[in-house]
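S.K.: Questions regarding the structure given below will be posed in turn.
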Amino acid sequence: MQRFRPATALAALFLSIPALLPAKTPLPAVAHGIRVRNMDPSVKPGDNFFLYANGAWIARTKIPADRASVGVFTALLDQSRKNVAAVVKEAAQAHAPAGSSQRKVADLYGSYMDEKTVDSLGLKPLQPQLAKVGAIRDKRQLAAMMGSMLRADVDPLNNTNFHTMHLFGLWTSPGFRNSASYAVYLLQGGLVLPSPDYYLSDAGHMEQIRKRYTAHIAAMLRLAGYTDPTVRAAKILALEQSIARVQESLADSEIIQKANNVWSLADFESKAPGLDWGAYFAGTGLAQQKDFYVWQPSAFTGESALVASVPLATWKDWLAFHLLEQYGPLLSQPFEQETFDFEGKVLAGVPQQEPRWKRAVDLVNAELGDDVGQLYAKKYFPPQAKAQAEDLVAHLIVTYHKRLEALTWLAPSTKAEALKKLDSLYVGIGYPEKWKDYSAYVVKPRDLFGNVWRAQLFEYRYNITRIGKPVDRHEWWMEPQTVNAVNLPLQNALNFPAAILQPPFFDAKAPAASNYGAIGTIIGHEISHTFDAEGSAFDAAGALRNWWTAADHEQFEQEAKALEEQYDAYEALPGEHVNGEQTIDENIADLGGVMASFEAYHDSLNGKAAPKIDGFDGDQQFFIAFGQNWGSKVRPAALRRQVLTDPHAPSQFRAAMVRNCDAWYEAFDVRPGEALYLPPDKRVRIW
Ligand SMILES: [Zn+2]
385 MQRFRPATAL
395 AALFLSIPAL
405 LPAKTPLPAV
415 AHGIRVRNMD
425 PSVKPGDNFF
435 LYANGAWIAR
445 TKIPADRASV
455 GVFTALLDQS
465 RKNVAAVVKE
475 AAQAHAPAGS
485 SQRKVADLYG
495 SYMDEKTVDS
505 LGLKPLQPQL
515 AKVGAIRDKR
525 QLAAMMGSML
535 RADVDPLNNT
545 NFHTMHLFGL
555 WTSPGFRNSA
565 SYAVYLLQGG
575 LVLPSPDYYL
585 SDAGHMEQIR
595 KRYTAHIAAM
605 LRLAGYTDPT
615 VRAAKILALE
625 QSIARVQESL
635 ADSEIIQKAN
645 NVWSLADFES
655 KAPGLDWGAY
665 FAGTGLAQQK
675 DFYVWQPSAF
685 TGESALVASV
695 PLATWKDWLA
705 FHLLEQYGPL
715 LSQPFEQETF
725 DFEGKVLAGV
735 PQQEPRWKRA
745 VDLVNAELGD
755 DVGQLYAKKY
765 FPPQAKAQAE
775 DLVAHLIVTY
785 HKRLEALTWL
795 APSTKAEALK
805 KLDSLYVGIG
815 YPEKWKDYSA
825 YVVKPRDLFG
835 NVWRAQLFEY
845 RYNITRIGKP
855 VDRHEWWMEP
865 QTVNAVNLPL
875 QNALNFPAAI
885 LQPPFFDAKA
895 PAASNYGAIG
905 TIIGHEISHT
915 FDAEGSAFDA
925 AGALRNWWTA
935 ADHEQFEQEA
945 KALEEQYDAY
955 EALPGEHVNG
965 EQTIDENIAD
975 LGGVMASFEA
985 YHDSLNGKAA
995 PKIDGFDGDQ
1005 QFFIAFGQNW
1015 GSKVRPAALR
1025 RQVLTDPHAP
1035 SQFRAAMVRN
1045 CDAWYEAFDV
1055 RPGEALYLPP
1065 DKRVRIW
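Residues in the sequence shown are numbered from 385 upward in steps of one, following my numbering.
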């Protein structure tokens, strides 16, 4: 589970890449350690720790027009993009031979930058696909076409991405029932809007979004030359509303045990009648596959029934519109603009599209991530940075070991398994040991749409050809240039990409207090996922196996419930509360991270006093650094989407996690009556 997901404007196209970024980074370059000038000393830490740590920065910072949010993460994303752009430039200047990585990187980037060709082509690149949709004569052909559109575009466990516009989404990963080889998972799909709430909620702002969305569907169809676009748009919306009704919620989708359903081809026909499954699987190229993990069985039953009951003409329009929506950003200016006006302006609240070169960088990261990553790591992540980060991780693991041993609520047998799991955890730092081989992926200059289409097919084939093969536990799920970190429960592994291992998160020249408060809590967060509701369902080998006693579960649930209630109470927008259930795993990870890192920090002092900085002692610096990890501003539309679709709570509430730490009360003399004050028996302690 990744720890942070920025609001995405063009999520539709670049599913794996983060938010739009502005030209100027508002966070100032600073001395090493906590950034005192970002704090607001007029706010009491016990009333609002987020504002105390970040208030001055928030007051002087404006969200750039081309971005949904701004903060520490986006500043580093900016840096990473600049670095990637430099790598791309070098690749272009190298004049490397056709088929080489450098040539591909340069050509892919160049094809996005070649606006003239893109504009002169208009709708042409997509026309063959639209013609195929137009030629569909019956539901059998419809099923085959839907099957041919299946892509590896979801990842429910590692990157927590549950959304696909296609009818279903594919993920390959170690199997729940046999983690030694790769299995295939299928997930619900079919919606353009971010979650079912957008289709079903009675709230006024949601009705407004649906109105804008219907107009947007019609506009895209009109641009593509379809007759009666308004009539078609209304039917497409109604169909998607029906899909939304049969989908499972995000909170339910996050419960692993509910996803552990193995279906054979015969099971699809008996348990989910409607869709012509034979034709569908023939279209996917998976007709020989014996079994599938079906993540949300009731959604498969419901969606399949809709394929039977809704008229063919409506499904064909739905397919055509989804093609336009997904690939609109790669077409000529009118399509691109219309897509941004809805996806960017309406859904994320971003007024302005960001510069083309940044989007080109995102594209290269998305489609040739490892090729770029290899060049990036060589240039920007020296061996000593890797060694220092490895050292920090080793300290955190030693501390977790101690804390697990000291826990009183876990049964001794469970504790022994937990320690075994911790001891066999694979921690990847900076970059992978092996790089992905893109030689089967063809990149052509001046063929933007074709390059993306082939990249998605390449990715899909890469995934389906490994089904049944032995698992590489050291496989990476994030690129080195990604500002994020991830826990991989089925591999019992963590990845910390190079791009997050830099200031302000990690700074070799900063005092230990701020490194432990910043990157230490992030490392602790990822380790904690090893033992949260999802992580604890997997054993040391990554197999889905219950190694907890009933009493362990009961105790865990009780504490988790208290944390859920704490987060349910937070109001992100008027009337829009954080969903404690949906965010529980991430919140537990934040809690575990801050607790363990605080202890690791104290151990690292070896009894010596920490140096004071601007009058703040070591413990204060630790907590301020943690609070400053979350310094950010988000547009309301993007915040709403986050509350509804993200397993992570909004930043301001992540900073408030400190209210569960006794040491924070001592560090800032927090007293009863202050807004964040919790009496000792209400403070949640899990790990
Ligand atoms: Zn996480």
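Just so it is clear, CB atoms sit at the ideal spot from N, CA and C, and this is done for glycine as well. Quantities reported herein were computed from a predicted structural model and do not represent experimental measurements.
(1) Is it the case that the Cβ atoms of Leu832 and Val502 are separated by a distance below 7 Å?
(2) Where does Ser426 sit, in a helix, a strand or coil, going by DSSP?
(3) Can you tell me whether Lys655 is helix, strand or coil according to DSSP?
(4) Any idea what DSSP makes of Leu554, helix, strand or coil?
(5) Does the distance between the C-beta of Ala921 and the nearest non-hydrogen atom of ligand 1 fall short of 6 Å?
(6) To the nearest angstrom, how far is it from the Cα of Asn971 to the Cα of Asn963?
(7) Answer with buried or exposed for Val456, where buried requires no fewer than 16 other C-beta atoms within 10 angstroms of its C-beta.
(8) Looking at the structure shown, is Gln758 part of a helix, part of a strand, or coil, going by DSSP?
(9) Just verifying my parser: in three-state terms, what is the DSSP assignment at Phe357?
(10) Apart from the five residues just before and just after Pro881, which ones in its own chain have a Cβ nearer than 6 Å to its Cβ?
(11) Drop a sphere of 10 angstroms on the beta-carbon of Asn562, count the other beta-carbons inside from all chains shown, and report buried for 16 or more, exposed for fewer.
(12) Between the segment 829 to 846 and the segment 872 to 891, do at least 3 Cβ pairs fall closer than 8 Å?
(13) If you compare alpha carbons, which of Asp1030, Asn1013 and Arg1043 is closest to Ala437?
(14) What does the alpha-carbon distance come out to for the pair Pro410 and Leu461?
(15) In angstroms with no decimal places, state the Cα-to-Cα distance between Ala413 and Arg594.
(16) Quick one: grab the DSSP three-state call for Lys700.
(17) Using alpha carbons as the reference points, say which of Tyr610, Arg487 and Ala603 lies closest to Ala515.
(18) For Gly506 versus Ser823, is the C-beta distance shorter than 7 Å?
(19) For Ala973, verify whether its CB is less than 6 Å away from any heavy atom of ligand 1.
(20) With a threshold of 6 Å (Cβ to nearest heavy atom), would Glu965 be considered close to ligand 1?
(21) Leaving out the 5 sequence neighbours to the left and right, which residues in its chain are closer than 8 Å to Pro580 when beta-carbon positions are compared?
(22) Three-state secondary structure (DSSP) at Glu722?
(23) Measure the beta-carbon distance from Val1054 to Pro429 and round it to whole angstroms, keeping in mind my assumption that it falls under 8 Å.
(24) Straight-line CA distance for Phe546 to Asp969?
(25) Identify whether Leu510 lies in helix, strand or coil by the three-state DSSP scheme.
(26) When you compare only the Cα positions, how much space is there between Ala536 and Leu752?
(27) Asp746 to Ala692, Cα distance in whole Å?
(28) Quick one: using the 10 Å Cβ neighbour count with 16 as the cut-off for buried, is Leu1060 buried or exposed?
(29) If I'm right that Ile997 touches Pro895 with Cβ under 8 Å, what's the distance once you round it to whole angstroms?
(30) Let me know the secondary structure DSSP gives Pro410 once reduced to three states.
(31) Just curious, the beta strand (DSSP E) that Glu843 is in, first and last residue?
(32) Any heavy atom of ligand 1 closer than 6 Å to the Cβ of Glu918?
(33) Below 7 Å between beta carbons: does that hold for Ala1039 and Phe434?
(34) Report buried or exposed for Thr544, applying the criterion of at least 16 other Cβ atoms within 10 angstroms of its Cβ.
(35) Just to check, is the beta-carbon of Glu1072 closer than 6 Å to a non-hydrogen atom of ligand 1?
(36) Our contact map puts Gly976 next to Ile1070 with C-beta atoms below 8 Å; I'd like the distance itself, whole angstroms only.
M.R.: A quick look at the data gives this:
(1) Walking along the sequence shown from the start, residue 832 turns up at place 448. Walking along the sequence shown from the start, residue 502 turns up at place 118. Going by C-beta atoms, Leu832 is nearer than 7 Å to Val502.
(2) Within the sequence shown, the letter at position 42 stands for residue 426. The answer is coil: DSSP assigns Ser426 none of H, G, I, E or B.
(3) Working through the sequence shown from its first residue, we reach residue 655 at position 271. In the structure shown, Lys655 sits in a helix (DSSP, three-state: H, G or I).
(4) On the sequence shown, residue 554 is found 170 positions in, with the first residue counted as 1. Note: Leu554 maps to strand in three-state DSSP.
(5) In the sequence shown, residue 921 corresponds to position 537, counting from 1. At a cut-off of 6 Å, the beta-carbon of Ala921 does not count as near ligand 1: no heavy atom of the ligand is closer than that.
(6) Working through the sequence shown from its first residue, we reach residue 971 at position 587. Working through the sequence shown from its first residue, we reach residue 963 at position 579. Asn971 and Asn963: Cα-Cα distance of roughly 11 Å.
(7) For the purposes of this step, residue 456 is taken as residue 72 along the sequence shown, with counting starting at 1. Buried, because 16 or more other Cβ atoms sit within 10 Å of the Cβ of Val456.
(8) Start at 1 with the first residue of the sequence shown, and residue 758 comes out as number 374. Here Gln758 sits in helix by DSSP.
(9) For the chain, the structure presents residues 385 to 1071; residue 357 sits outside this window and is missing.
(10) Residue numbering aside, residue 881 sits at position 497 when the sequence shown is read from its first letter. Closer than 6 Å at Cβ, skipping near neighbours: Met862, Pro864 and Thr866.
(11) By 1-based counting over the sequence shown, the position of residue 562 is 178. Counting Cβ neighbours within 10 Å, Asn562 comes out exposed, since fewer than 16 surround it.
(12) no
(13) Translated into positions along the sequence shown, residue 437 becomes position 53. With distances taken between Cα atoms, Ala437 lies closest to Asn1013.
(14) Residue mapping note: residue 410 aligns to position 26 of the sequence shown, counting from 1. Residue mapping note: residue 461 aligns to position 77 of the sequence shown, counting from 1. Model confidence at Pro410 stands at a pLDDT of 39, short of 50, so the residue's coordinates are unreliable and nothing is read from them.
(15) Taking the sequence shown and counting its residues from 1, one reaches residue 413 at position 29. Taking the sequence shown and counting its residues from 1, one reaches residue 594 at position 210. Reliability of the predicted coordinates at Ala413 is poor, the pLDDT of 43 falling under 50, and no value is obtained from them.
(16) Against the sequence shown, residue 700 aligns to sequence position 316. Note: Lys700 maps to helix in three-state DSSP.
(17) Mapped onto the sequence shown, residue 515 falls at position 131. Of the candidates Tyr610, Arg487 and Ala603, the one whose C-alpha sits nearest the C-alpha of Ala515 is Tyr610.
(18) Residue numbering aside, residue 506 sits at position 122 when the sequence shown is read from its first letter. Residue numbering aside, residue 823 sits at position 439 when the sequence shown is read from its first letter. No, Cβ-Cβ distance for Gly506 and Ser823 is not below 7 Å.
(19) Taking the first residue of the sequence shown as 1, we reach residue 973 at position 589. Under cutoff, so the answer is yes.
(20) Here residue 965 refers to the residue found at position 581 when the sequence shown is read from its first residue. Not one heavy atom of ligand 1 falls within 6 Å of the beta-carbon of Glu965.
(21) Here the question's residue 580 lines up with position 196 in the sequence shown. Excluding sequence positions up to five before and after Pro580, its CB lies within less than 8 Å of the CB of Ala628, Arg629, Gln631 and Ser633, all in the same chain and listed in chain order.
(22) In the sequence shown, the residue the question calls residue 722 occupies position 338. Helix, per DSSP.
(23) In the sequence shown, counting from the first residue as 1, residue 1054 sits at position 670. In the sequence shown, counting from the first residue as 1, residue 429 sits at position 45. Contact holds; Cβ gap of about 7 Å.
(24) On the sequence shown, residue 546 is found 162 positions in, with the first residue counted as 1. On the sequence shown, residue 969 is found 585 positions in, with the first residue counted as 1. Looking at the two C-alpha atoms, the distance is approximately 16 Å.
(25) Working through the sequence shown from its first residue, we reach residue 510 at position 126. DSSP, reduced to helix, strand and coil, places Leu510 within a helical segment of the structure shown.
(26) Translated into the one-based positions of the sequence shown, residue 536 becomes position 152. Translated into the one-based positions of the sequence shown, residue 752 becomes position 368. Going from the Cα of Ala536 to the Cα of Leu752 covers about 15 Å.
(27) Working through the sequence shown from its first residue, we reach residue 746 at position 362. Working through the sequence shown from its first residue, we reach residue 692 at position 308. The straight-line gap from Cα to Cα measures roughly 38 Å.
(28) Numbered from 1 along the sequence shown, position 676 holds the residue referred to as residue 1060. Burial call: buried.
(29) The residue given as residue 997 occupies position 613 in the sequence shown. The residue given as residue 895 occupies position 511 in the sequence shown. With a Cβ gap of about 7 Å, Ile997 and Pro895 count as contacting.
(30) Stepping through the sequence shown from its first residue, residue 410 is reached at position 26. In this predicted model, Pro410 has a pLDDT of only 39, less than 50, meaning its place in the structure is not dependable enough to derive any value.
(31) By one-based count along the sequence shown, residue 843 stands at place 459. Segment Leu832 to Thr849 is the alpha helix (DSSP H) holding Glu843; no beta strand (DSSP E) there.
(32) Counting from one through the sequence shown, the residue named residue 918 turns up at place 534. Because no heavy atom of ligand 1 lies under 6 Å away, the Cβ of Glu918 does not count as near it: no.
(33) As a position in the sequence shown, residue 1039 is number 655, starting the count at 1. As a position in the sequence shown, residue 434 is number 50, starting the count at 1. Cβ atoms of Ala1039 and Phe434: closer than 7 Å.
(34) Mapped onto the sequence shown, residue 544 falls at position 160. Its Cβ being crowded by 16 or more others within 10 Å, Thr544 is buried.
(35) Residue numbering for the chain in the displayed model covers 385 to 1071; residue 1072 lies beyond these limits and cannot be assessed.
(36) Taking the first residue of the sequence shown as 1, we reach residue 976 at position 592. Taking the first residue of the sequence shown as 1, we reach residue 1070 at position 686. About 6 Å separates the two Cβ atoms, so the contact holds.
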